[in-house]
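Visitor: Here it is: the structure, laid out below.
2 protein chains.
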Amino acid sequence: MARPVIDFWYEFASTYSYPAAMIVDDLAAAAGVAVRWRPFLLGPLFKAQGWDTSPFNIYPAKGDYMWRDMARICAARGLALRRPDPFPQNSLLAARVALTSAVTPMRAAYSRAVYEAEFGRGEPIGEPETLVDVLAGLGLEADAVLAEAQSDEGKMCLREATDEARGLGIFGAPSMVTADGELFWGHDRLEEALAWACRGGHDIL
Amino acid sequence: MARPVIDFWYEFASTYSYPAAMIVDDLAAAAGVAVRWRPFLLGPLFKAQGWDTSPFNIYPAKGDYMWRDMARICAARGLALRRPDPFPQNSLLAARVALTSAVTPMRAAYSRAVYEAEFGRGEPIGEPETLVDVLAGLGLEADAVLAEAQSDEGKMCLREATDEARGLGIFGAPSMVTADGELFWGHDRLEEALAWACRGGHDIL
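Read top to bottom, the protein sequences are chains S and G.
Note that UniProt numbering has the first sequence beginning at 1, numbered continuously upward.
Note that UniProt numbering has the second sequence beginning at 1, numbered continuously upward.
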């Protein structure tokens, strides 16, 4: 039997994607599930429903709750939490970089490093300098990677990923999709998505 | 030491409040926590942020996901699920009834019965006839209860509960609030709220 797999869809500006990104590989390994790391942009999906910023900014009670909830989650997981300013950060370049040929084989490590910079240390991930540091930490040649990320092909890769996410019914991050197309939304549904992937959940409902 | 307690804030029109309502007393009993059942209205809170219906109707991708997620949750819990039409149902009368003097001592049983009618059998809980059946099933004199529910005092009780929910930072349902004011949102956070209540979580963060 083929090893079960989940697609882990994440957005670098998304708060809840941070704790999910820090634990998904460990949880999946324990469950015997392979993880495909799938960066995308929430901005275009939000714009399509009339939002020009994070819903956590548009709805203050929800935003207040989210930051408190993040503090609880990060404390429980032993993760540092520092709120980046402004929030949300511009995640366009970080996402394009994640899809480059040099970063792809180490996309998980790159993505965790970006989240640690952004939400662990409050660094501006929209600034190329931050990403240069992250790439250097992975032993990568930052200039070449950034050039590929900002090429026409690099831009198209991210547009296609975002279109694919929309087509899967994704509307928030993180989201997990199993091989049979089942969608799970939220960092607190990782275990449920992995369990579904393991049992081939399509015959459950 | 006093027994820990949580306030369980719920909205009769809220889909996720249904599975939460069906399990909260059992989970709380196992954890040694007392539950105060606190009905309120989400409508006024949604209106204040510019929504005139459920966000699950306003944002179709989110709505599609919610109904699929509800199907998974109800299947896993052995709960019937039938989508009421229209959705959301008008929950005003059901909530006022929950706060009457006759229903209050059996508010949990009444509330579960309303949810089973609405989401288990798809019955219109905005219609007095549905509530008359529910009340009769509990051995209550429906006419007197409905008269109290629709009195000025009955209306004021629900307004005050809704104002209190808003003041606690509540923006969705179900929500759980511990004695030290910690807020948890979502049916999937019941266990976390109960654990917080048990350990007096205010010294954790």
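Where is the CB? At the ideal position from N, CA and C, for every residue including glycine.
Predicted model only: the values in this text are computed from it and were never measured.
#1: Mind listing which residues of the region 113 to 137 of chain G have their C-beta closer than 7 Å to chain S's C-betas, in chain order?
#2: Between G/Ala71, G/Gly122 and G/Thr130, which lies nearest to G/Leu146 when the distance is taken from Cα to Cα?
#3: Return the CA-CA distance between G/Val35 and S/Ala173, expressed in angstroms with no decimal places.
#4: Under 7 Å, do S/Val132 and S/Phe12 count as touching if we go by C-beta distance?
#5: Applying a beta-carbon distance threshold of less than 7 Å, which residues of chain G neighbour S/Phe8?
#6: For the beta strand (DSSP E) containing S/Thr178, name the first residue and the last one.
#7: Would you tell me roughly how many angstroms separate the C-alpha atoms of S/Val24 and S/Ser111, rounded to the nearest one?
#8: Check whether the region 32 to 51 of chain S and the region 158 to 167 of chain S are in contact - that is, three or more C-beta pairs closer than 8 Å.
#9: Quick one: list the residues of chain S neighbouring G/Trp185, beta-carbon separation under 9 Å, in chain order.
#10: Using 10 angstroms around the beta-carbon of G/Met70, count the other beta-carbons present and answer buried if the total reaches 16, otherwise exposed.
#11: Is the CB-CB distance between G/Asn90 and G/Gly126 below 7 Å?
#12: Measuring CA to CA, which of G/Val103, G/Asp64, G/Met176 and G/Val5 is closest to G/Ala142?
#13: So is S/Phe12 in contact with chain G if we call contact Cβ pairs under 7 Å?
#14: Of all Cβ atoms in chain S, is any one closer than 7 Å to the Cβ of G/Ala16?
#15: Need the endpoints of the beta strand (DSSP E) that S/Val103 sits in, please.
#16: With 7 Å set as the bound, which would you pick, yes or no: does the beta-carbon of S/Tyr59 sit closer than that to a beta-carbon of chain G?
#17: Considering only C-alpha positions, which residue in the set S/Arg3, S/Tyr16 and S/Trp9 is nearest to S/Arg107?
#18: Note the first and the last residue of the continuous beta strand (DSSP E) segment covering S/Tyr10.
#19: So which residues of chain G does S/Gln49 contact, with C-beta pairs closer than 7 Å?
#20: Along the chain, where does the beta strand (DSSP E) that runs through G/Val97 open and close?
#21: Relative to the C-alpha of G/Asp85, which residue among G/Gly32, G/Pro124 and G/Glu153 is closest?
#22: My output table needs one value for S/Pro39: the three-state DSSP class, helix, strand or coil.
#23: I need the straight-line Cα distance from S/Ala76 to G/Gly200, nearest angstrom please.
#24: Run through DSSP, which three-state label would G/Trp185 get?
#25: Taking C-beta pairs closer than 9 Å, name the residues in chain G that S/Asp52 reaches, listed in chain order.
#26: So what does G/Ala34 bridge to, in DSSP terms?
#27: Any Cβ of chain G within less than 7 Å of the Cβ of S/Phe46?
#28: Counting only C-beta atoms, is S/Gly181 closer than 7 Å to chain G at any point?
Guide: Let's see:
#1: Listed by position, the residues of the region 113 to 137 of chain G near chain S (Cβ gap below 7 Å) amount to none.
#2: Residue G/Thr130 is the option with its Cα nearest to G/Leu146.
#3: Spanning the alpha carbons of G/Val35 and S/Ala173 requires a straight line of approximately 32 Å.
#4: In this structure, S/Phe12 does not lie closer than 7 Å to S/Val132 by Cβ.
#5: What S/Phe8 touches in chain G: nothing, since even the nearest Cβ is about 17 Å away.
#6: Note, S/Thr178: beta strand (DSSP E), Ser175 to Thr178.
#7: Between the alpha carbons of S/Val24 and S/Ser111 lies a gap of roughly 12 Å.
#8: In short, these stretches touch, since the Cβ pair count reaches three.
#9: Within chain S, the residues placing a beta-carbon under 9 Å from that of G/Trp185 are Lys62, Tyr65 and Asp69, ordered along the chain.
#10: The residue in question, G/Met70, is buried, as its Cβ has 16 or more Cβ neighbours within 10 Å.
#11: In this structure, G/Gly126 lies closer than 7 Å to G/Asn90 by Cβ.
#12: The candidate whose alpha carbon is nearest that of G/Ala142 is G/Val103.
#13: No, S/Phe12 lies away from the interface with chain G (no Cβ there is under 7 Å from its Cβ).
#14: Before going further, note that residue 16 of chain G is Tyr rather than Ala in the sequence given. So, not an interface residue.
#15: Boundaries cannot be given for S/Val103, as no beta strand (DSSP E) includes it and DSSP labels it neither H nor E.
#16: Closer than 7 Å to some Cβ of chain G, the Cβ of S/Tyr59 qualifies, so yes.
#17: Out of S/Arg3, S/Tyr16 and S/Trp9, S/Trp9 has the C-alpha closest to the C-alpha of S/Arg107.
#18: Looking at the DSSP string, the run of the beta strand (DSSP E) that includes S/Tyr10 is Val5 to Tyr10.
#19: Those within 7 Å of S/Gln49 in chain G are Tyr59.
#20: Run containing G/Val97: none in the beta strand (DSSP E); it sits in the alpha helix (DSSP H), Leu92 to Ala98.
#21: Measuring from the Cα of G/Asp85, the nearest candidate turns out to be G/Pro124.
#22: The three-state secondary structure of S/Pro39, taken from DSSP, is strand.
#23: Rounded to the nearest angstrom, the two C-alpha atoms are 15 Å apart.
#24: Three-state DSSP puts G/Trp185 in a strand.
#25: Result: empty, since nearest Cβ-Cβ is about 14 Å, beyond 9 Å.
#26: Partner(s): G/Val5.
#27: Judged by the 7 Å Cβ criterion, S/Phe46 is not in contact with chain G.
#28: Contact with chain G is absent for S/Gly181, since none of that chain's Cβ atoms lies less than 7 Å from the residue's Cβ.
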